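>
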Amino acid sequence: MTSVRSPADSPSRHITVVDVYDLAASIGKDFERIIEQFGHDSVIAALETLESLANHNEKENEEILMLKKAVERLENDKQVKQQDRIKFEMELEAVEENYRKEIDDLWSTVKNLQLENKHLSLVSGDAPSTPTSSGCECISSNLQLFL
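The sequence shown: position 49 = 49 (UniProt numbering), numbered continuously.
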């Protein structure tokens, strides 16, 4: 069974231009025989193609590294925004709860004042006048609308 290697696993994927020149220098005598067999122009064209591919490979590797850093930065930004959103929602809930408590307290105060007003009216022997009664009803209906 033959193992299949992906292009990303290939050793040539990591070859640099300097590696190409080093390889060419170390196998110079072998190249002389290849030049005799295939011709000077063919060998030069093959080496130029190899150099071009190595340059392209280096650029791609740099771009991959840059993109990985960008992805990491974006993921960090996303986490920070998520944490900020959660913090904002918690603060908003606290403010809303505080307003609800204040409204309940104010509503309780209004009811107590209405009861006290009614009690004082009964004690003083005066019947509540129509404007005062309608004023209390108006305040009550406005509070109900606010809630």
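Every residue gets a Cβ at the ideal spot worked out from N, C-alpha and C, and that includes glycine. Note that the structure is predicted; figures quoted are calculated from it, not measured.
Under a Cβ-count criterion, where at least 16 other Cβ atoms within 10 Å of its own Cβ denotes burial, should residue 54 be classed as buried or exposed?
In the sequence shown, the residue the question calls residue 54 occupies position 54. By the 10 Å Cβ count, residue 54 comes out buried.
> If you run the structure through DSSP and keep just helix, strand and coil, what is residue 109?
Here residue 109 is taken as the residue at index 109 of the sequence shown, counted from 1. Correct three-state label for residue 109: helix.
> DSSP three-state label for residue 125, please.
As a first step, residue 125 must be located in the sequence shown, where it is residue number 125. Residue 125: coil per DSSP, three-state reduction.
> Indicate the three-state DSSP secondary structure (helix, strand or coil) for residue 49 in the structure shown.
Locating residue 49 in the sequence shown gives position 49, where the first residue counts as 1. Helix at residue 49.
> Suppose the cutoff is 8 Å on Cβ atoms and the five residues either side in sequence are ignored; what does the same chain contact list for residue 31 look like?
Locating residue 31 in the sequence shown gives position 31, where the first residue counts as 1. Hits under 8 Å: 24 and 43.
> Going by the beta-carbon positions, is the gap between residue 18 and residue 47 smaller than 9 Å?
Translated into the one-based positions of the sequence shown, residue 18 becomes position 18. Translated into the one-based positions of the sequence shown, residue 47 becomes position 47. No, the Cβ-Cβ distance between residue 18 and residue 47 is not below 9 Å.
> Helix, strand or coil for residue 39 per DSSP?
Position 39 of the sequence shown, counted from the first residue, corresponds to residue 39. Correct three-state label for residue 39: coil.
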